[in-house]
Every structure is written in C-alpha cells, then in structure tokens.
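Residue numbers (our numbering): 68 to 984.
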C-alpha cells in the first residue's frame, strides 16, 4: 500500500524510536527557533556592529517541520482514545497543519532577537580578593519563546480534537462507531490508526504487506515473522501468500463457569508475596541510590566524580612541574604519596596555574624535530622568515658559499654543520617565494641572489630551491636534509621577541575518549623597544634592511656572501654596521669594553641556549619526590614542618667578591661606574630585555626549597652559609638551622647518602662540562674587571647551598643558561630570575555535554522504573500478597525491557560499567 508511506514518520517514529526521543528531537528544533545568534560585521564605513542572523529559508522550513515532532508525540499518546472514536486519522493531520501554521506565523510576525541588559550587581567577597561584580547579561535565547511554541503545539491539538469530535457528532454517518474487534496484539496503535489495511479471507483478520510490517516493527522472513517489539518469532497464518501477512483480531473473553474454584494461593504464598514486596522496595531503593551515585560521577564527560576547579588546577600544575623535568613519563600513579604538593599556608589547594616563565624558550629545543620544523616553515608567514633568530653560515647545504660576517666566526661554523638553522637554503626551500619576494625580494637580490647568478652552479641552485616546496613533500624534504647530514634545527637565544606557547594535556575516560585541557596559552610578540641582544647578533632581517638602506648603512648595496667581491664586511666591521643601525652607541663604556675584550667584536657573538642537564633534573625530581613522600606519609613530620615553614628572599654573595665593589652582571647592558658600590650581586641578563641601574640579584623560595638544596649537601656549616647572605643573615641562619634539624630528624640517612652521591655527579657536569658561571663587573681598586665564578667551584664550599638553589631555579624554568660564543672567547652565564606566571584555569574547558544527556537519561530510566515498581507494590498490597512472588525476582529484567527498551537499559548498564572502569 503506497499510501501508507505518507504516514511513515508517525508510525516508524512511534514504533522504532519511541515517544521520549521523538519529543527530544522536536524540543531541540523549538529551542533553535527560540535562539537568535547575532553575527558581528563591519560595514564599508568601518562601523562594527551585531546584525541579526538570517537562516536560509530551507533551514527555517526544516526547523518548522522538525518542531512538529512534539505534536506527533501528543497524537501518539492520545491514540487509544482517538482510535476508539474513529477520529485518529483526522485529528493528526489537522493538528499538525494548525501547529505548523501557528509556528510559522509567530516566527515570521515576531522573530526573536538577541537582547542585552546592563545591570551592575556587586558583592564584597573579602578584603584580599576585593569586590566581584556582574555587569549584565545577553539574552541569546528565550525560555518564554520555547513555552509559547510548546503552547501552540498543545493548543493546535486541542483545537483539532474539539473540531474533529464536534464534526463526528454532527455527521455520525461519516464517523461510525467502532464495531470491529481489537486488533492483533502485534499491531501497534499507530499502524491501526493511520495505515490502510485490507480484510483477509476471514472477517476477523487483516492483511499487511511486507513494507507495512517492517514499519510496524515486524520483519517477515520466509514462513515466520520476527517482532522487534516483543523480541520473539511468530509463525505466519497465510503461508501460501508470500507478499502479505495476515493478522487475526484479538478475542479476549472473561468467562466463569462451574463452581467457584479454590484459592490459588494460601497463607504461605501471602508471606512469600510480602517477601516479594520487600524485594521490590529494595529494588526501588537501589535504583534511587544508583541515580544519586551518578549525579556526581556524571557531572562531566571525564566521569570523574568531584572534578572541580581545584582538581583542574592541581592536575595542571602537576603536569607543568613534570614537563620541566622530563618529556616522557608513562604509567605514573597520581595517587602515590610522592606525587602530591604542599597546600597553601591557609591549608587550601592552589587556585591558579603556576607556569614556568621561560618554558617557551626552553621547549624550542624539544619540539624542533626536522619534520616539525619543515612543516612549520611551510605554514608560517614568508615575510617573517628573515626574523628567525639564527646567523647563517652557509647559503647552501653543500657549503659552497659562506656567509659569516667574520673569518673567526666562519671557522666556528664548522662545529654547527649538522644544524640546519645555519643554512639559508633550509628556509628558502620551504617558503612561498612569491610572498617572500613581495617583502624582501629586492634585499635578497642585492644581498644573496645577484652574486649567485654570476655562476652556473648558483643559477641551477636558485632554480631548484625556488621550486622545492612545490615538488617535495614534508617527508621528502626531511629526507633531503638527512642526506645532507643535517640532524637538528637550533636557533639562537634572543630577547627581541617573546615566544608564545600553546600546550594541553588530555583526560581519557572509560570510553577511550580524550578531552584536552589547557596548560599554557601565550602569544608571541616583538619587543624591539626593550631588547638587548641585537648588539651581540642580529637576525637576517636586519642584514637585509642594512644592504637595502641607502641613508645610514655603510653596507648599502653590498653582498652578504663572503666569496663576493662586494662582500659587505670586507672593509666594514660588524660593530660599525651595528652603530649605523643604532644598536650600539660609541664609544663603548667600561662594561661593553670588558665584554668586547673577552668575547670579541659585537655583532658576531653566537648566543646558544644551554639545556638543563638530565642529571640535574633527575636529582631535583628524586629529592622533591622523597620530601613529598615524607611530608605525606608521616604525621609527626607534618607537625614539625609547618611551624618552621616560611617563604624567603635572600641575596647571597660568594667569598671571592667579598672585598670588591659589585657593578652588576648583565653582559648585555652597560653599567654605571659610579654605582659600582653594592655588596649584593647585580642582576644578570634576562629574556625580558631592558637594562636597569642598581638592580640586585635575589633568590626567592620557601622552606621546602631550602631543604631540597640541603639534601644535596653534606656536613654543611649553617653559620658559614648564613654569613654569605647579605639581605637578612639572621633570618637565613634561623631557616637553615630549622631545616637542617628537620632533615636530621626525619629524612632517611640512606636516601641522603644516595642523593649526595648523585649530587657529586651533577656538580661535575655543571662545573666541568658546561662551565656555568655567574659574572659581575667588579672594582677591586680604581680599575674595573670582569669576574667569573663557576657554580660549584671547589673554593666556594660555603656557597654550595646557594649554588644548588640557583641550579634548581634553572630546573624549574625560573632561570636559563646561555653560552655567549665570540671570536675571542666564551661566557656561559646563568640568567637572572624571572617571576613565575600565575594564570587562572578555564572551567569552561571541562566538557559536560555527553554526561549531561546521559545523566538525564539515567534519571528518566530511574523514574520510569520507580513508577512501575510503585504500581507493582500497590498491587501486591491490594492483593494481600496473593501473587507469584518468584516473578518479583525478574522484575528489573522484564520491566526494563518492556517499559524502557533495550538500548536505554544498555546505556544505564554502560554508565555503571564506566564508573567501575
């Protein structure tokens, strides 16, 4: 019957989907119709404003029709009543038409628009946190509009029902009363109401074709019919007809004959019935208890009970701390005692992310695999390519054309031949030449390409390089680099731009789904106004601007290729070019003269980041974990710890600087000779740039940090250590004495011996292999000199505790180490401390969509089960326990399948499995 397909939605939705889910689908369309997402736009006159969002007419029509699922559900609920009155097939289309017309009329006549209210409401939270205010709200959607649209659906049904009943009573001949027997129990009410059927050979049977059966939840197969509603197979009556299925009408009879039978159940059965009642009450209680259990566990898509902002902060800080220590760590038990952190002095958890300020600088050397570098070069703005901080030593991978600005630097380039960053070809092969030429084309022609075009090899190289990105994949390009014996891409340290980093970690739930949460999010930006590093080595962009400039540059129109007869630095020094560019001011002062004498000429100093050695990271991690396990496992240690816990700011000075005036330790800044009178060491260089006067170096930490350093030292003389601190030696002595006493009392001596042995290896690495130093401009008499003190030098035994504090700052990303390599010498210097960054977490990142819907599904299932169970309990009580008690045992199995459905029962079971997993 082709006419039946016009009722496909009504029948198929009712049978196969179910009323609750159909109602959700309809209410979703209504919510979308009650929402007005405004879009921001800018007019040609540069006026930015919100404009109403206009949906396509096809989308709008689709939403109107989808909202009718609500009235479909209402019609389906009333089918027992409307079928009995023989008006179901009339009420349904009329109500749908009225609802569609009403919804369209309301939306067209009065479309909902986004609205904003300004209303300041402030609450005083505390003296420390101040006032919290809300400034208003934006109403993107309207609950009233949802209620109006739902009301129109209900009203349309009522009007259609009243009109159809009235019409049936006025014209009874067109709506005769029902005289046929009830349909076969396998036939759904929607099929009975809307589908056309033909009578069978017997008056008490009906025929349906195969399509009608499928839409009605029954699958014909040979001589059987599988009914998905009751999940059972029934035999067909009309086996001869393979195209139509015959269903006989139901014949229910209530017949009593003969004498009254004896009661089926006795007193024993009554007691068993009340036992069944007790079981039912227990089942109801269990359903409610499960619902309460899932309320907290299903508050987020992680299925992490009690996951809140404090949990997010603690977990994020744990990752930030561990990412400073190592790149990879698998199967870490987060519940282990040593993985904890100290609470705040207010006995509360940390409320903000604690981010290492120099993490973005250090992570460059961990994320610069050749594949990542090639992909990033191809994606970045080609005009920004020359701003990459590197000094090019060679034009091509074959090293046929040199580019260093001094002969000594060109010789130093031999140690970096495996570093792709010193080859100009590495970026030219992986950039958009048309875009690059629009920004730097003329400068590149003058500085590089003109000379290369004078040779056959140069022309061939230019042709290959300019088309390399178009003809090679990322994988092929990596292979090309590897064939040229290039294994890394390491840029130089600089502070003319701050680097950004976006880093996340993911939480995996029992489904295996992973959800990212942000650890760090910062944008990179140029900071040319405060930079101090360009005098040491400037990027390629400055060289290109210098050869292009005809006003002040002495290398205007010159080549940057050493083999060219027009080589820019043939008769001009790099320092003179820096003076022309305003990056160096002559004459050099005392500080820069000392740096020049030690390192060599400015402009040719290579600045290399020195990675924190793994041995130092491992020592810090081992000591920290041991201390945390001690604090977490021993109550007496906790009681002894908190009375002595304090934060501190100390200013140590080694003995070698005791008898001299200190003038600062920043190799990138000049110092004022008249200010060189301080007893406290001056600040070193920093990635933040800027130069200051009389700024002093401090170490900031807490008692736990002091203990971490003391564990690495053996037989320390606290009085001698405290005498080297010039800010508050008395407080420093008290803190050291308390910490040493605590460690002697509670820290395992065997562990202390192990860590001390490990510390000796670390000291050798930092002192003898890396040669990490602290420097100061000193004035022992009337002349100035550059003094260097190597960390962990044997002559500064009492300074070792402070040396460990400096080294552990390096581990935590508060300080960094840079090797300044010039034509004359090398300085490997520890930077000043940079304040850690505090940032709030974003609770909106915690997903809750899936859990939200599942939680309400579980609530719906629980409510239905409670209602059915309550009805069963009422019957047990009304029948005084005269029921088959054994049937109560399978109540959940039967009621769940009949009243809920297999899929929803499966979801409820799956939620329990996820809680267990």
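Here a beta-carbon is modelled for each residue, glycine too, at the ideal position from N, C-alpha and C.
None of the values given here were measured: they were computed from a predicted structure.
Cα-Cα separation, residue i to residue j
{"i": "residue 419", "j": "residue 390", "result": "17 Å"}
{"i": "residue 274", "j": "residue 260", "result": "15 Å"}
{"i": "residue 393", "j": "residue 539", "result": "34 Å"}
{"i": "residue 87", "j": "residue 582", "result": "29 Å"}
{"i": "residue 564", "j": "residue 447", "result": "16 Å"}
{"i": "residue 760", "j": "residue 898", "result": "17 Å"}
{"i": "residue 14", "j": "residue 895", "result": "Examination of residue 14 is not possible in this model, given that the chain is present from 68 through 984 alone."}
{"i": "residue 924", "j": "residue 155", "result": "30 Å"}
{"i": "residue 253", "j": "residue 966", "result": "16 Å"}
{"i": "residue 654", "j": "residue 559", "result": "27 Å"}
{"i": "residue 289", "j": "residue 968", "result": "27 Å"}
{"i": "residue 922", "j": "residue 367", "result": "10 Å"}
{"i": "residue 401", "j": "residue 920", "result": "29 Å"}
{"i": "residue 232", "j": "residue 975", "result": "42 Å"}
{"i": "residue 840", "j": "residue 738", "result": "19 Å"}
{"i": "residue 942", "j": "residue 963", "result": "18 Å"}
{"i": "residue 34", "j": "residue 157", "result": "Missing from the structure shown is residue 34; the chain here goes from 68 to 984 and no further."}
{"i": "residue 422", "j": "residue 961", "result": "56 Å"}
{"i": "residue 614", "j": "residue 489", "result": "20 Å"}
{"i": "residue 237", "j": "residue 230", "result": "10 Å"}
{"i": "residue 414", "j": "residue 912", "result": "At residue 414 the pLDDT is 46, less than 50, meaning the model places this residue with poor confidence; the figure from the coordinates comes in the next sentence. Their backbone Cα atoms lie some 27 Å apart in a straight line."}
{"i": "residue 875", "j": "residue 708", "result": "21 Å"}
{"i": "residue 569", "j": "residue 427", "result": "9 Å"}
{"i": "residue 172", "j": "residue 223", "result": "13 Å"}
Close-in-space but distant-in-sequence residues of the same chain around residue i (CB under 7 Å, 5 per side omitted)
{"i": "residue 170", "result": "131, 134, 216 and 219"}
{"i": "residue 350", "result": "936, 958 and 959"}
{"i": "residue 105", "result": "117, 118, 119, 120 and 181"}
{"i": "residue 891", "result": "665, 666 and 667"}
{"i": "residue 788", "result": "803, 865 and 868"}
{"i": "residue 816", "result": "none"}
{"i": "residue 256", "result": "146, 147 and 150"}
{"i": "residue 209", "result": "101 and 179"}
{"i": "residue 294", "result": "253, 284, 285 and 301"}
Beta-bridge partners of residue i, as assigned by DSSP
{"i": "residue 502", "result": "Paired residue(s): none; residue 502 is not in a bridge."}
{"i": "residue 200", "result": "189"}
{"i": "residue 763", "result": "749"}
{"i": "residue 843", "result": "854"}
{"i": "residue 208", "result": "102"}
Span of the alpha helix (DSSP H) around residue i
{"i": "residue 722", "result": "Here residue 722 belongs to no alpha helix (DSSP H), and DSSP marks it neither H nor E."}
{"i": "residue 390", "result": "376-392"}
{"i": "residue 155", "result": "155-176"}
{"i": "residue 927", "result": "916-945"}
{"i": "residue 872", "result": "867-878"}
{"i": "residue 813", "result": "796-813"}
Among the options, nearest to residue i - alpha-carbon criterion
{"i": "residue 670", "options": "552, 104, 561 and 708", "result": "561"}
{"i": "residue 850", "options": "831, 901, 741 and 895", "result": "741"}
{"i": "residue 814", "options": "784, 778 and 843", "result": "778"}
{"i": "residue 698", "options": "886, 186 and 403", "result": "403"}
{"i": "residue 128", "options": "950, 929 and 96", "result": "96"}
{"i": "residue 649", "options": "674, 605, 149 and 511", "result": "605"}
{"i": "residue 122", "options": "80, 110 and 174", "result": "174"}
{"i": "residue 578", "options": "143, 100 and 977", "result": "977"}
{"i": "residue 769", "options": "751, 785, 799 and 758", "result": "799"}
{"i": "residue 467", "options": "524, 495 and 784", "result": "524"}
Where the beta strand (DSSP E) containing residue i begins and where it ends
{"i": "residue 556", "result": "Run containing residue 556: none; DSSP gives neither H nor E here."}
{"i": "residue 299", "result": "299-302"}
Contacting residues, own chain, Cβ-Cβ under 6 Å from residue i (five flanking each side not counted)
{"i": "residue 161", "result": "227"}
{"i": "residue 103", "result": "179, 180 and 181"}
{"i": "residue 982", "result": "364"}
{"i": "residue 555", "result": "486"}
{"i": "residue 746", "result": "793"}
Close beta carbons around residue i, own chain, < 8 Å, minus the five adjacent residues each side
{"i": "residue 863", "result": "721, 722, 723, 856 and 870"}
{"i": "residue 497", "result": "441, 444, 445, 535, 536 and 544"}
{"i": "residue 291", "result": "300, 301, 302 and 303"}
{"i": "residue 690", "result": "775, 778, 779 and 822"}
{"i": "residue 837", "result": "677, 680, 884 and 895"}
{"i": "residue 926", "result": "358"}
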